[in-house]
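Peer 1:
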């Protein structure tokens, strides 16, 4: 593209080039934070031993804490931050709505209903875990929202309205089930899950969500040029040679599957998918080839640190990570809105 | 023939917006679409642009039905400038013009060798070289319109479709813009409200009313006092420019009906 875009492309390359080492370093530092008194060198030694390089002079317990508890959690935080950020950026462009976020199309409502059906009503009689219930709920809600949007005409604003309606419906169902059937402890568990938590992270969560995020990011990135063409709306994109209907189905489905996977392992972590794309646009402009990788890297770094705060500020209590992202996210969002107001 | 439309109709919301329209535009010709509000000009342009599929009939490019072309191949040939567009995205003039390269790129959006020259050429044609770093949101209506035309030119089309491109432009920019379009080596179809602009620049005009073709031919043949009265219910006097023999239309104020003052209001109401 033009000169402005060339600057943006260079800056995006710079951010990714600095961001990835910064992310790795953040993960190592964050892995030392908390009980057990480890240092970055210890963490490096533990990792080295796992990969068969050298041996670690660290206690079994220290190794266990890093490998079984902290590392999967830190990696999952990075994956969620990257995945939610990318989904938000794609949906904001595709639906031409700066308030779009990954949970817009019924995903959060459906996931919470699915989770509650498993936790409170014991659906699946032990064969379905909470994650599976949340994933299925999210997919069912998304499918319902898409049917509703298609029946009502299929335009961009209809998709958004159908999403809002679906989210409201499933949130109400969740509340209904919790109030009529849950005891106090279950209610607290549900509330905690709804605000997002990475405390139960396991290696298989990391593997599944990492793989899905990587595939999702590549698919979104492979449509970056077509997403740019949506700047002036659907007809404009179509007249620039984009097959609007096929692209919309592809990207809505990919972002829904990715978000549902992340919700299933981490609950509903708000604000990352809403605010982060805006912050990334301020840095590297709206071109998606630059925007999507930068959003992914920034999201990963942000959530690694916010989750660390969430597990440490109120020790031994944990604050849901969604609370942390909102506490950080709201001031950033207000700053962006104020900047917009000045600009317009 | 560059563009041909054969008996195209288009239904929306239970009514026929475009009614069995047929037209032909020769290579490098400039066709003006005129007609009152709601006569189907924009809808017809959308059919020609392939953004809507005709309910019956067909649109042909060089004799081939456009429904056999992929969106991408169509966008490499036909560029469309909508009446008014808006965006939430923070783009510069160059960014917007570069969007015109989309059909020449892969879906990944990587730039190609031909992009730079095509963008520069489009910026020069539309007189935007000085404005190239300006932000879309800071542009006036006329500058936005020229930016969209430059975007269309960056597509390197052989057919250009414009939907009321002179809206919001002052008289100098209206003349400048249509002069630009009429001198481009392209086939163009332009929806216009201003009959005198259509008369001045178009090789042929097609008059639509209620979705149907009322008249079609050279401006001199079509734009008559009788036609303007029939289609717009407005009285006018048509003179012809001595040099070009192109018609010039002078509108006359609405006639007052004979039966006294209170009826005047009713006369206006009839027209509304």
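Chains as they are written, first to last, in UniProt numbering: chain D, 1 to 344; chain F, 1 to 272.
We treat Cβ as the ideally placed atom computed from N, Cα and C, and that holds for glycine.
(1) Hey, how far is the Cα of residue 237 of chain D from the Cα of residue 227 of chain D?
(2) How about the segment 71-91 of chain D and the segment 148-157 of chain D: do they share at least three Cβ pairs that are nearer than 8 Å?
(3) Between the beta-carbon of residue 163 of chain D and the beta-carbon of residue 144 of chain D, is there less than 8 Å?
(4) Give the single residue among D:199, D:262, D:54 and D:287 whose Cα lies nearest to the Cα of residue 317 of chain D.
(5) Quick check on DSSP: helix, strand or coil for residue 20 of chain F?
(6) Checking contacts by CB at 8 Å: is residue 238 of chain D closer than that to chain F?
(7) How long is the line joining the alpha carbons of residue 40 of chain F and residue 69 of chain F, rounded to whole angstroms?
(8) Quick check on the DSSP output: what are the complete beta strand (DSSP E) runs of length 3 or more inside the segment 27-101 of chain F, in order along the chain?
(9) Let me know if residue 25 of chain D comes out buried or exposed under the rule of 16 or more other beta-carbons within 10 Å of its beta-carbon.
(10) Starting from the Cα of residue 78 of chain F, find the closest Cα among D:135, D:241 and D:121 and give me that residue.
(11) Does the segment 254-265 of chain D come into contact with the segment 161-168 of chain F, if we say contact requires no fewer than three beta-carbon pairs (one atom in each stretch) closer than 8 Å?
(12) For the segment 50-68 of chain F against the segment 211-222 of chain F, are there 3 or more C-beta pairs whose distance is under 8 Å?
(13) Comparing alpha-carbon positions, which option in F:95, F:206, F:103 and F:161 lies nearest residue 285 of chain D?
(14) Got a sec, what are the start and stop residues for the beta strand (DSSP E) residue 10 of chain F sits in?
(15) Quick one: list the residues of chain D neighbouring residue 102 of chain F, beta-carbon separation under 9 Å, in chain order.
(16) Please return the same chain residues whose Cβ sits closer than 7 Å to the Cβ of residue 244 of chain D, not counting the five positions on each side in sequence.
(17) Which of the three DSSP states, helix, strand or coil, is assigned to residue 236 of chain F?
(18) Tell me the rounded alpha-carbon separation between residue 133 of chain D and residue 248 of chain D.
(19) Check whether the segment 59-68 of chain D touches the segment 37-47 of chain D, taking contact to mean three or more Cβ pairs, one atom from each stretch, closer than 8 Å.
(20) Nearest to residue 133 of chain F by CA position, among F:91, F:229 and F:27, is which residue?
(21) Should residue 307 of chain D be labelled buried (16 or more other beta-carbon atoms within 10 Å of its own) or exposed?
(22) If distances are taken between C-alpha atoms only, which option among D:287, D:300 and D:265 comes closest to residue 276 of chain D?
(23) Please confirm if the segment 187-202 of chain F is in contact with the segment 111-126 of chain F, defined as three or more CB-CB distances below 8 Å between the two stretches.
(24) Could you give the distance in angstroms between the alpha-carbon of residue 141 of chain D and the alpha-carbon of residue 84 of chain F?
(25) How long is the line joining the alpha carbons of residue 64 of chain F and residue 72 of chain F, rounded to whole angstroms?
(26) Would you kindly work out how many angstroms separate the C-alpha atoms of residue 330 of chain D and residue 319 of chain D, rounded to a whole number?
(27) Distance, Cα to Cα, residue 14 of chain F vs residue 260 of chain D?
(28) Hey, quick one: how far does the alpha helix (DSSP H) through residue 196 of chain F stretch, first residue to last?
(29) Considering only residues of the same chain and omitting the five flanking positions on each side of residue 2 of chain D, which have a CB-CB separation below 8 Å?
(30) Compile a chain-ordered list of the residues in the segment 47-66 of chain F whose CB is closer than 9 Å to at least one CB of chain D.
(31) Assess contact between the segment 110-117 of chain D and the segment 93-100 of chain D, defined as three or more Cβ pairs (one per stretch) separated by less than 8 Å. Is contact present?
(32) With a threshold of 8 Å between beta carbons, is residue 32 of chain F in contact with chain B?
(33) Report yes or no: is there a C-beta of chain F within less than 8 Å of the C-beta of residue 278 of chain D?
(34) Ordered along the chain, which non-local residues of its own chain (more than five positions away) have a Cβ less than 7 Å from that of residue 157 of chain F?
(35) Identify, in the order they occur along the chain, each residue of the same chain with its Cβ nearer than 8 Å to the Cβ of residue 195 of chain F, setting aside the five sequence neighbours on each side.
(36) From what residue to what residue does the beta strand (DSSP E) around residue 191 of chain F run?
Peer 2: The structure says:
(1) What you label residue 237 of chain D is simply residue 237 of the first chain in a count that begins at 1. What you label residue 227 of chain D is simply residue 227 of the first chain in a count that begins at 1. Using only the alpha carbons, I get a separation of about 8 Å.
(2) Contact between the segment 71-91 of chain D and the segment 148-157 of chain D is absent, because fewer than three Cβ pairs lie under 8 Å.
(3) Locating residue 163 of chain D in the first chain gives position 163, where the first residue counts as 1. Locating residue 144 of chain D in the first chain gives position 144, where the first residue counts as 1. Not a contact, by the Cβ cut-off of 8 Å.
(4) Translated into positions along the first chain, residue 317 of chain D becomes position 317. Out of D:199, D:262, D:54 and D:287, D:199 has the C-alpha closest to the C-alpha of residue 317 of chain D.
(5) Position 20 of the second chain, counted from the start, is the residue given in the question as residue 20 of chain F. It is a strand residue.
(6) Working through the first chain from its first residue, we reach residue 238 of chain D at position 238. Yes - at least one Cβ of chain F is within 8 Å of the one on residue 238 of chain D.
(7) Taking the second chain and counting its residues from 1, one reaches residue 40 of chain F at position 40. Taking the second chain and counting its residues from 1, one reaches residue 69 of chain F at position 69. Spanning the two alpha carbons is a distance of roughly 24 Å.
(8) Listed in chain order, they are 30-34, 56-61 and 78-81.
(9) Locating residue 25 of chain D in the first chain gives position 25, where the first residue counts as 1. Residue 25 of chain D is exposed by the Cβ-count criterion.
(10) In the second chain, the residue the question calls residue 78 of chain F occupies position 78. Checked all of D:135, D:241 and D:121; the closest Cα to residue 78 of chain F is D:241.
(11) At 8 Å Cβ cutoff, the stretches do not touch.
(12) A contact between stretches requires three or more CB pairs, one per stretch, nearer than 8 Å, and the segment 50-68 of chain F fails this requirement with the segment 211-222 of chain F.
(13) Sequence index remark: in the first chain, residue 285 of chain D carries index 285 (1-based). If we check each option's Cα against that of residue 285 of chain D, F:95 comes out closest.
(14) In the second chain, residue 10 of chain F corresponds to position 10, counting from 1. That run of the beta strand (DSSP E) goes 3-12.
(15) Walking along the second chain from the start, residue 102 of chain F turns up at place 102. The contacting residues are 225, 226, 228, 229, 237, 240, 241 and 242.
(16) Here residue 244 of chain D is taken as the residue at index 244 of the first chain, counted from 1. Taking C-beta separations shorter than 7 Å and ignoring five residues to either side along the sequence, the partners of residue 244 of chain D in its chain run 234, 237 and 238, following chain order.
(17) Position 236 of the second chain holds residue 236 of chain F. DSSP places residue 236 of chain F in strand when its eight states are reduced to three.
(18) On the first chain, position 133 is the one that residue 133 of chain D refers to. On the first chain, position 248 is the one that residue 248 of chain D refers to. Approximately 26 Å, taken between the alpha carbons.
(19) Inter-segment contact for the segment 59-68 of chain D and the segment 37-47 of chain D is present: three or more beta-carbon pairs are separated by less than 8 Å.
(20) Start at 1 with the first residue of the second chain, and residue 133 of chain F comes out as number 133. With distances taken between CA atoms, residue 133 of chain F lies nearest to F:91 out of F:91, F:229 and F:27.
(21) On the first chain, position 307 is the one that residue 307 of chain D refers to. Buried is the label assigned to residue 307 of chain D, since at least 16 other Cβ atoms lie within 10 Å of its Cβ.
(22) The residue given as residue 276 of chain D occupies position 276 in the first chain. Nearest option by C-alpha distance: D:300.
(23) Between the segment 187-202 of chain F and the segment 111-126 of chain F there are fewer than three C-beta pairs closer than 8 Å, too few to call the two in contact.
(24) Taking the first residue of the first chain as position 1, residue 141 of chain D is located at position 141. Taking the first residue of the second chain as position 1, residue 84 of chain F is located at position 84. Near 36 Å, if we compare the C-alpha coordinates of residue 84 of chain F and residue 141 of chain D.
(25) On the second chain, residue 64 of chain F is found 64 positions in, with the first residue counted as 1. On the second chain, residue 72 of chain F is found 72 positions in, with the first residue counted as 1. Approximately 16 Å between the Cα atoms of the pair.
(26) Taking the first chain and counting its residues from 1, one reaches residue 330 of chain D at position 330. Taking the first chain and counting its residues from 1, one reaches residue 319 of chain D at position 319. Residue 330 of chain D and residue 319 of chain D have their C-alpha atoms some 17 Å from each other.
(27) Within the second chain, the letter at position 14 stands for residue 14 of chain F. Within the first chain, the letter at position 260 stands for residue 260 of chain D. Each residue's Cα considered, the two are about 40 Å apart.
(28) Numbered from 1 along the second chain, position 196 holds the residue referred to as residue 196 of chain F. Here the alpha helix (DSSP H) through residue 196 of chain F covers 195-201.
(29) To locate residue 2 of chain D, count along the first chain from 1; it is residue 2. Low per-residue confidence applies at residue 2 of chain D: pLDDT is 44, beneath 50, and the placement is therefore not dependable, though the value from the model is reported in the following sentence. In its chain, beyond the 5 residues on either side, no residue has a beta carbon closer than 8 Å to the beta carbon of residue 2 of chain D.
(30) Listed by position along the chain: 49, 50 and 51.
(31) Because the criterion of three Cβ pairs below 8 Å is not met, the segment 110-117 of chain D and the segment 93-100 of chain D do not touch.
(32) You won't find chain B in this structure, because its protein chains are D and F.
(33) If you number the first chain from 1, residue 278 of chain D lands on position 278. When Cβ-Cβ separations below 8 Å define contact, residue 278 of chain D makes no contact with chain F.
(34) Along the second chain, one-based indexing puts residue 157 of chain F at 157. Excluding the 5 residues flanking it on each side, residue 157 of chain F has same chain C-beta neighbours closer than 7 Å at 77, 78, 79 and 186, in chain order.
(35) The count along the second chain starts at 1 and reaches residue 195 of chain F at position 195. Cβ within range, chain order: 34, 223, 228 and 249.
(36) Within the second chain, numbered from 1, the residue matching residue 191 of chain F stands at position 191. Taken as a continuous stretch (DSSP letters only), the beta strand (DSSP E) holding residue 191 of chain F covers 187-191.
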